[in-house]
Each structure stands twice: as C-alpha cells, then as structure tokens.
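Take any residue in the sequence shown, note its place counting from 1, add 457, and you have its number in my numbering. Ideal placement from N, C-alpha and C gives every residue a C-beta, glycine not left out. Below is one structure, written out as structure tokens; the observations come after it.
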Amino acid sequence: MPLKIIWTFKKFILDFVGQISSHFKIINRISNRITKLQKTNIIKLKKLFFIKSINYFFDNAPLLDFGGLPRFRTHTNSLTSSSNGV
C-alpha cells in the first residue's frame, strides 16, 4: 500500500511538473514572438525616422546655403509655371 501511495504521489508530481513545463514553453514562445515584433517595429521606426529627417532636410534646403551647389526641392507643382499662366 505505501508503495502505491508513493508511486501515485510521484506520478502526480511528474504530471504537475510536466504541465508547468508546458506552460513555460508556451509563455516562452509568446515572449519570443513579442520580442521579435518589438525588434521589427524598432527597425521600421528607425527607417521612418530616417526618411522623415531626409524629407525635412530637403524641404528646408532653400533656407540653407550650399555654397554654390544647386537647391533641392522634393515637391513642387512646376518650376516653369506661374500664377498668371505666362
């Protein structure tokens, strides 16, 4: 009888540890996905910030002195058209 109780208790402990281990594996997978998603979002934000800073620089280029280099514009309707149609 005591051996059966010990064996049952041992089986209970092993099953319990197995369930905890399974839960830790699931939590670990979720954590890895979140970490990967965070890294991806950080890379996307860095690219976006870089593009925004380049656009800001070129949008404000007429205010800067390039020392004889041509002025840069990223968006204009037309450089040759005027408001009176001439």
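Between the CA atoms of residue j and residue i - distance to the nearest angstrom
| i | j | result |
| --- | --- | --- |
| Lys509 | Thr492 | 25 angstroms |
| Lys482 | Gly475 | 10 angstroms |
| Ile463 | Ser479 | 24 angstroms |
| Lys461 | Ile477 | 24 angstroms |
| Lys504 | Asn485 | 29 angstroms |
| Phe515 | Leu502 | 20 angstroms |
| Asn489 | Ile500 | 17 angstroms |
| Phe466 | Lys496 | 45 angstroms |
| Ile511 | Ile487 | 36 angstroms |
| Phe473 | Asn498 | 37 angstroms |
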